[in-house]
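Residues in the sequence shown are numbered consecutively from 1, following the UniProt record's numbering. Even glycine gets a Cβ: it sits at the ideal position worked out from N, Cα and C. Everything on this sheet refers to the single structure shown next.
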Amino acid sequence: VTIVDSLNKRIQFLNHLAAELGLEDVSFVHDRAETYGKGVYRESYDIVTARAVARLTVLSELCLPLVKKGGQFLALKSSKGEEELQEATFAINILGGNVKETHTFELPENAGERQMIIIDKRRQTSKKYPRKPGTPNKSPLVES
């Protein structure tokens with residue numbers, strides 16, 4: 001398991017927590033997804049997942065370049081995942097993905113509804129993605 005986060009403070013905490021819990025085969029990387037997706041680990045992961053930290057269009061550009069062909073991107077979204085999925089279909093296709101299915105589930109203790117969108121990686125992602133840090137948020141990949 002590899003966890004990538006742009007906040008070093010969070011990475012330090014996770015390293016400490018993993019050591020305290022005796023977790024093995026877990027690594028924590030201080031980097032931005034935009035630059036990590038251009039490096040040696042590009043298209044090398046079977047499964048990539050992400051917290052719901054951005055709209056699906058943006059998450060797809062950050063995560064799909066890390067998924068190897070034949071792998072999957074599991075996007076965790078709020079109850080508005082279907083709405084985001086319609087907006088993100090163009091980006092997912094450009095990035096080499098194809099939506100396989102969507103699962104809706106309830107969080108425990110009435111904490112709300114969530115969705116997991118499963119995206120299969122069908123083709124390699126063009127080397128121009130992900131774009132430089134900040135660009136996916138400022139200019140999401142949408143059909144013009």
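Is the beta carbon of Gln115 sitting closer than 7 Å to the one on Thr104?
yes
For Tyr36, which three-state DSSP category applies?
helix
Are Arg123 and Gly81 touching if we call contact CB-CB under 7 Å?
Taking 7 Å as the Cβ cut-off, Arg123 and Gly81 do not qualify as a contacting pair.
Tell me, to the nearest whole angstrom, how far the beta carbon of Lys127 is from that of Gly70; I am working on the premise that it is less than 8 Å.
The pair is not a contact, with the Cβ atoms about 19 Å apart (cut-off 8 Å).
Between Lys68 and Glu43, which are expected to be in contact by the criterion C-beta below 8 Å, what is the C-beta distance as a whole number of angstroms?
Rounded, the Cβ-Cβ distance is 5 Å, consistent with contact.
If distances are taken between C-alpha atoms only, which option among Glu24, Asn93, Val58 and His30 comes closest to Leu7?
His30
If we ignore side chains and look at the alpha-carbon of each, how far apart do Thr125 and Val1 end up?
22 Å
Please state the DSSP three-state secondary structure of Gln86.
helix
Measuring straight from C-alpha to C-alpha, what distance separates Gly112 and Ala19?
32 Å
Over what stretch of residues does the alpha helix (DSSP H) that includes Asp60 continue unbroken?
Correcting the residue identity first, residue 60 is Ser in this sequence and not Asp. Segment Leu56 to Cys63, the alpha helix (DSSP H) holding Ser60.
So for Ala111, helix, strand or coil by DSSP?
Coil.
Taking DSSP as the reference, what is the three-state secondary structure of Thr135?
helix
Leaving out the 5 sequence neighbours to the left and right, which residues in its chain are closer than 7 Å to Glu84 when beta-carbon positions are compared?
Arg55, Leu56 and Lys77
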